[in-house]
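Colleague: Structure below; questions to follow.
There are 2 protein chains.
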Amino acid sequence: MTDTQFDVLAIGNAIVDILVYTDDRFLNTHGLIKGTMGLVDLDASCALYDKVGAALERSGGSAANTIAGVASLGGRGAFIGKVCDDQLGRVFSHDMRAIGVYFETAPTIEGAATATSIVLVTPDAERTMQTYLGACVELSPDDVSAEEISAAQVTYLEGYLWDPPAAKQAFIKAAELAHNAGREISLSLSDPFCVDRHRADFAELVDRYVDILFANEEEIMSLYQVESFDEALAAVRGRCKIAALTRNAEGCVIVSGNELCTVVAETVDEVVDTTGAGDAFAAGFLAGYTRGCDLPTSARMANIAAGEAISHLGARPEACLADMVVERMGRNLR
Amino acid sequence: MTDTQFDVLAIGNAIVDILVYTDDRFLNTHGLIKGTMGLVDLDASCALYDKVGAALERSGGSAANTIAGVASLGGRGAFIGKVCDDQLGRVFSHDMRAIGVYFETAPTIEGAATATSIVLVTPDAERTMQTYLGACVELSPDDVSAEEISAAQVTYLEGYLWDPPAAKQAFIKAAELAHNAGREISLSLSDPFCVDRHRADFAELVDRYVDILFANEEEIMSLYQVESFDEALAAVRGRCKIAALTRNAEGCVIVSGNELCTVVAETVDEVVDTTGAGDAFAAGFLAGYTRGCDLPTSARMANIAAGEAISHLGARPEACLADMVVERMGRNLR
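The listed protein sequences correspond, in order, to chains A and B.
Position 47, counted from 1, in the first sequence is what the working numbering calls 47; the numbers after and before it change by one each time, with no gaps.
Position 32, counted from 1, in the second sequence is what the working numbering calls 366; the numbers after and before it change by one each time, with no gaps.
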């Protein structure tokens, strides 16, 4: 493989999170299913916002969180995603560039505002999201350049990108460009309901393009419509180079050819908010993988990053993940 | 005193905080004086923002934080302050109303954006602020109504309001309306540099209008240009009904007529960020005072609120202060 400018280039929805504590009763009253991400239009988003408590704003977006994690692990990251040139768009852009991530996607100048996701955190630390895609629907194949994609060892795509229609084409274009350049493609299935919405497409994507697949237990079972994790494991085996499957507190299972590696989750003092756990897991794994680490090492890094993400409110790392890896694994990533 | 609709009405700059961790070197490189609030124009604010790390956005503003604390203590609060009808203005407005604070000041429709303050938090938990006043400069006497002021037992004014020129007039109007209605006026001196900018005006305000004065050691010494806290205490005595003076970890001293009451600070497990400590202190004191608590009780509530504020990033309460008061003082505020 020739030298690359980026370890990971992530493509995803560019979202600012509106984080708010709530309770189960509120979720029930508003017909929200705990742990899932639902899409809402502007009116529904505003109506929900009017009903929630005082909030905290913080850049989010699934693949964007992943690239923030890669950067915190000392990886060289790039991001493609669409914001509007408004206050929250400038917040999102700042937070990408401030951590050293290359982010040059042109913002929209008018039309829908920058995407926001109302993230409802319940006392059990679960998060339930209601996302208004806003400017994200304007992401198009024109935003994906061959130069950027071929400069990245791995291009990482979030499944949520399948929701805004034009982004799908950007997604496919990126996958083809990456493979043409001899690079790899990684996909996160994002959310069980997202898998429900796009099951046939996702199954085809995995077979055609995906080198490294990320999914949690529920998502991979939903993708292959099977009843147990073992059946899902059997179903995904051989379909992509690596499948990295997470099982919450039980840790993760990595499948690659005939190799199967199980790594237990890290101990976390207090689980505060699970927002971004899967995003951070992918960050840790990809940061290890792109540095040539073996599967168990990459998986351990993934678990460390996920453990950090769930120990505070919000999805992006608060601690320096590279320092955490040094501390826990005695491995210098600098 | 006749019945009131509000315990406290606060008038202040309506600001969204951009909270970011940094270090002493960054402050020195940019000529920033630790622990102070500096005013910057839009260009300087943007230039600084470009240089800081990934941030977190959260509603702030000194008097606005105080009224959020009053609400968290079960008090009935109102706020007057100026935002623009933009994304951050809507964030600020939402966060006021979501905690039950009456906030009906008309936003501006065009012109300067909603005010932001870049809050730089150093490892010693000190905060240094650079504030762009934005739409706050549009606050005018027209935004202050006799009906609202006379509906509040105490009208609380932040010293920072003396910075935007038109807000001064709103400040004076509010003070006169309150006294005409037989209500009380409270003032926070806000910041030693703010006292430097407006020393003569503040001294006159205290003598003419202020019933309850809040200041920290440095501010009250600056106001009366004396070299010791004891001299400042002697200087302020008799000039207002109550002077509530804070001394960081040493707690507070309350002066009222011949009464002098000293209350030690609450124990805090870990001081994370001192942003909003003074605002929270005023909240606790006013919540107690307006409920008819004696000075030592009100001061203890003030210290509990301040202790909560410094235990996390950001100025507004994260825990329910009323519950904390019940727990620590066995006092039911509901």
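Even glycine gets a Cβ: it sits at the ideal position worked out from N, Cα and C.
Could you check what DSSP says for M335 (chain B) in three-state terms: helix, strand or coil?
Modeller: Below a pLDDT of 50, predicted positions are generally treated as unreliable, and M335 (chain B), at 46, falls in that range; the measurement from the model is reported next regardless. M335 (chain B) falls in the coil class under three-state DSSP.
Colleague: Does the Cβ-Cβ distance between C252 (chain A) and A299 (chain A) come in under 8 Å?
Modeller: Yes, these two residues count as a Cβ contact at 8 Å.
Colleague: Give the residues of chain B in contact with G53 (chain A), contact being defined as C-beta atoms less than 8 Å apart.
Modeller: Within 8 Å Cβ-Cβ: A432 and I433.
Colleague: For a test of the three-state rule: what should DSSP assign to L252 (chain A), helix, strand or coil?
Modeller: Residue 252 (chain A) is actually Cys in this sequence, not Leu. The answer is strand: DSSP assigns C252 (chain A) an E or B state.
Colleague: Quick one: list the residues of chain A neighbouring A447 (chain B), beta-carbon separation under 8 Å, in chain order.
Modeller: Q87, listed in chain order.
Colleague: What residue does the alpha helix (DSSP H) around D535 (chain B) start on, and which one ends it?
Modeller: That run of the alpha helix (DSSP H) goes R533 to R542.
Colleague: Distance, Cα to Cα, M335 (chain B) vs R625 (chain B)?
Modeller: With a pLDDT of only 46 at M335 (chain B), under the threshold of 50, the placement of this residue in the model should not be trusted, and no figure is reported.
Colleague: Scan the stretch 477 to 511 of chain B for residues whose Cβ lies nearer than 9 Å to a Cβ of chain A and list them as they occur along the chain.
Modeller: Result list empty, no residue passes.
Colleague: Could you check what DSSP says for A112 (chain A) in three-state terms: helix, strand or coil?
Modeller: The answer is coil: DSSP assigns A112 (chain A) none of H, G, I, E or B.
Colleague: Using the rule of at least 16 other Cβ atoms within 10 Å of the residue's Cβ for burial, across every protein chain shown, is K507 (chain B) buried or exposed?
Modeller: Answer is buried; the Cβ neighbour count reaches 16.
Colleague: Which chain B residues are close to H94 (chain A), counting only those with a beta carbon under 8 Å from its beta carbon?
Modeller: Those within 8 Å of H94 (chain A) in chain B are Y383, D384, A388 and A389.
Colleague: Along the stretch 313 to 330 of chain A, where does the CB come closer than 8 Å to a CB of chain B? Name the residues.
Modeller: Residues passing the 8 Å Cβ filter: G314 and R316.
Colleague: Closer than 8 Å, CB to CB, is R533 (chain B) near chain A or not?
Modeller: It does not; no Cβ of chain A falls within 8 Å.
Colleague: What residue from B:W496, B:F505 and B:T400 has the CA that sits closest to D720 (chain B)'s CA?
Modeller: No answer is possible for residue 720 (chain B): it lies beyond the span of chain B, which begins at 335 and ends at 668.
Colleague: Can you give me the C-alpha to C-alpha distance between V540 (chain B) and Y558 (chain B), rounded to a whole angstrom?
Modeller: The alpha-carbon atoms of V540 (chain B) and Y558 (chain B) are separated by roughly 11 Å.
Colleague: Should R25 (chain A) be flagged as near chain B, meaning a C-beta pair shorter than 8 Å?
Modeller: Taking Cβ atoms only, chain B never reaches closer than 8 Å to R25 (chain A), which makes this a no.
Colleague: Mind pulling the chain A residues with CB within less than 7 Å of V425 (chain B)?
Modeller: Here the neighbours are E57.
Colleague: Would you identify the three-state DSSP class for Q225 (chain A), choosing helix, strand or coil?
Modeller: Three-state result, Q225 (chain A): coil.
Colleague: With a threshold of 16 other CB atoms inside 10 Å of the CB of V264 (chain A), please say whether the residue is buried or exposed.
Modeller: When all chains shown are included, V264 (chain A) counts as exposed.
Colleague: In the DSSP output, which residue or residues are listed as bridge partners for S451 (chain B)?
Modeller: Bridge partners of S451 (chain B): B:D351 and B:T465.
Colleague: In whole angstroms, what is the alpha-carbon distance linking D420 (chain B) and V326 (chain A)?
Modeller: About 43 Å.
Colleague: Quick check on T400 (chain B) - is its C-beta less than 8 Å from some C-beta in chain A?
Modeller: Answer no: the Cβ-Cβ gap between T400 (chain B) and chain A never drops below 8 Å.
Colleague: How would you call E104 (chain A), buried or exposed, if buried means at least 16 neighbouring beta carbons within 10 angstroms?
Modeller: Label assigned to E104 (chain A): exposed.
Colleague: How would you call N336 (chain A), buried or exposed, if buried means at least 16 neighbouring beta carbons within 10 angstroms?
Modeller: Only positions 1 to 334 of chain A appear in the structure, and residue 336 (chain A) is not among them; the question remains open.
Colleague: Let me check understanding here. Comparing Cα to Cα, which of B:L366, B:P651 and B:T489 lies closest to Y313 (chain B)?
Modeller: Nothing in the structure corresponds to residue 313 (chain B), since chain B is present only between 335 and 668.
Colleague: Cα separation between A322 (chain A) and E518 (chain B)?
Modeller: If you take the alpha carbons of A322 (chain A) and E518 (chain B), they lie about 54 Å apart.
Colleague: With H, G and I counted as helix, E and B as strand and the rest as coil, what does DSSP make of T608 (chain B)?
Modeller: DSSP places T608 (chain B) in coil when its eight states are reduced to three.
Colleague: Run the CB neighbour count on R76 (chain A), radius 10 Å, all protein chains shown included, and call it buried at 16 or more, exposed below.
Modeller: Label assigned to R76 (chain A): buried.
Colleague: Distance check for A344 (chain B) and Y336 (chain A), CA to CA, integer angstroms please.
Modeller: In the structure as shown, chain A begins at 1 and stops at 334. Residue 336 (chain A) is therefore absent and cannot be evaluated.
Colleague: Using a 10 Å radius around the Cβ and a threshold of 16 neighbouring Cβ atoms, would you call I15 (chain A) buried or exposed?
Modeller: Per the 10 Å Cβ criterion, buried.
Colleague: If I measure Cβ to Cβ from S474 (chain B) and keep anything under 8 Å in the same chain, skipping five residues before and after, which residues do I get?
Modeller: The answer, listed in chain order, is A500, A501, Q503 and A504.
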